[in-house]
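Visitor: For the sequence shown, position 94 matches number 96 in this note's numbering, and the numbering has no gaps at all. A virtual CB, placed ideally from N, CA and C, is assigned to each residue, including glycine.
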Amino acid sequence: MKYSEIISNKLNELLIKNFDAEKGYENAIENVESPKLKAFFKMQSEQRGKFARELRLEILKFGQIPEESGSIAGTLHRNWMTLKSLFKSNNEEAILDEALRGEEASLSDYDEILSETNLPLSIENMLIEQKQSIQRAINKLKLEEELVS
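1. I'd like the ranges of any beta strand (DSSP E) spanning at least 3 consecutive residues and lying wholly in the region 7-31.
2. I believe GLU114 touches VAL34 by the beta-carbon criterion, under 8 Å. Please report the beta-carbon distance rounded to the nearest angstrom.
3. Please check the pair GLU118 and LEU143, which I expect to be a contact at CB under 8 Å, by giving their CB distance rounded to whole angstroms.
4. Pairs of beta-carbons, one from the region 60-67 and one from the region 37-45, closer than 8 Å: are there three or more?
5. Would you call TYR5 buried or exposed, if buried means 16 or more other Cβ atoms sit within 10 Å of its Cβ?
6. Does DSSP put GLN66 in a helix, a strand or coil?
7. For SER47, which of LEU149, MET128, ALA96 and LYS25 has the nearest alpha-carbon?
8. Residues in the same chain with beta-carbon distance under 6 Å from GLN132, minus the five sequence neighbours each way, listed in chain order, please.
9. Comparing alpha-carbon positions, which option in ILE140, LEU121 and GLN134 lies nearest GLU100?
10. Just how far apart, CA to CA, sit SER36 and LEU116?
11. Does the Cβ-Cβ distance between ASN20 and LEU57 come in under 9 Å?
12. Is the beta carbon of LEU129 sitting closer than 9 Å to the one on LEU59?
13. Rounded to the nearest angstrom, what separates GLU148 and ILE97 at their Cα positions?
14. Pick from GLN49, LEU121 and PRO68: whose alpha carbon is nearest that of GLN134?
15. By the 10 Å Cβ neighbour count, where 16 or more other Cβ atoms means buried, how is SER110 classified, buried or exposed?
16. Are ILE9 and ILE125 touching if we call contact CB-CB under 9 Å?
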C-alpha cells in the first residue's frame with residue numbers, strides 16, 4: 003500500500019469518528035433540558051463538523067476519496083451508539099457520561115494515529131490541535147458531570 007493510501011486510510015478513520023461524534027452531539031442537544039448543556043453540545047457538534055471538513059480536505063490533498071458520512075455497517079463509534087439508547091430517559095447525567103466516554107475514545111484514537119503514523123508536519127499539527135480541543139471538551143464534560151450529580 004502506498005504512503006498516501008496509508009495516511010488517507012488513517013485520516014478516514016478519524017473522519018468517520020468525527021461524523022459520528024457530530025451526530026451524537028446533535029442528538030444530545032435534542033435530549034437535554036439545560037440551555038447551558040444545549041449550547042455546549044451545539045458548540046461541540048459544530049466543532050466536530052469543522053474537524054471533519056479539515057480531515058476531508060487533507061484526504062483530498064493525498065488524491066484519495068474521503069468518506070461521506072459516519073459509519074453504517076457496524077463500525078459506528080460504539081460510545082455514540084449507546085448514547086442514543088440513553089436519550090429515552092432524558093437523563094442529563096447519563097448523557098454527559100456517554101459523551102465523556104465518547105470523547106475519551108476519540109482522544110485515544112487521536113493518540114493512536116499520532117503515535118504510530120509518520121505524518122507530514124501540517125497534518126500532525128492539525129491533529130494535535132484537534133486532540134487538544136477534544137481534551138478541553140473532556141475537561142468541560144467532567145466539570146458539568148460533577149455539577150449535575
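Guide: Let me spell this out:
1. none
2. That belief does not hold up - the Cβ atoms of GLU114 and VAL34 are roughly 30 Å apart, past 8 Å.
3. Between LEU143 and GLU118 the Cβ distance is about 27 Å, and since that is not below 8 Å, they are no contact.
4. Verdict: no, contact absent.
5. exposed
6. Residue state, collapsed to three classes: coil.
7. LYS25
8. PHE53
9. ILE140
10. Between SER36 and LEU116, the C-alpha separation is close to 35 Å.
11. yes
12. no
13. 13 Å
14. Among GLN49, LEU121 and PRO68, the Cα nearest to that of GLN134 is on GLN49.
15. exposed
16. yes
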